[in-house]
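Here's the structure we're looking at; comments come further down.
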Amino acid sequence: MTTSLSTHFMFVALLSLLRMANTAALNQDDGDLRFNEHTMIMSHNSAANKDAADGDFFKLFGVDQEDSIYEQLTINGVRGLSLDITIDSSDLSKLRLVHNPFDYGDFETELQTHLVRFLEE
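Under this note's numbering, the residue at position 64 of the sequence shown is numbered 64, and the numbers go up by one with no gaps.
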């Protein structure tokens, strides 16, 4: 298999399902609404942020978000993440967070650092 396996696909993490009790956008009266009737803030290319660019001059061109994933969740109230993910060509068992030609880190490491930290608070 070649690097054609590294076709990008969209991964959307709907955090509101995991944290409905703590989400300011939803209140107790929303219990009768179907999921598609809720509205939540999501960030596009969530992983393509200044924190993940780590000062790399070229990666900064691909940045879509000012804040790290953790800051998007805690400060900005984001409850959905849109991530571009590709298969790591050097290790087909790993996934990478990308945006255009830029690599913003290992999927598992970034989610452990930002998403899991948020969910455990």
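Don't be surprised by glycine CBs; every beta carbon is placed ideally from N, CA and C.
Handout entry: Whole-number beta carbon distance between Leu83 and Leu97, since they are thought to touch under 8 Å
Key = Sure, about 6 Å apart at Cβ, within 8 Å.
Exercise for the section: Would you check if the distance between the CB atom of Asp67 and the CB atom of Asn76 is smaller than 8 Å? Expected result: Yes; because the gap between Cβ atoms is below 8 Å, this pair is in contact.
Exercise for the section: Could you name the residues that DSSP lists as bridge partners for Val63? Expected result: Its beta-bridge partners do not exist; DSSP assigns none.
Problem - Coarse secondary structure for Arg34, derived from DSSP in three states - result: For Arg34, the secondary structure class from DSSP, reduced to helix, strand or coil, is coil.
Handout entry: Counted within 10 angstroms of its Cβ, other Cβ atoms place Val116 as buried (16 or more) or exposed
Key = It counts as exposed.
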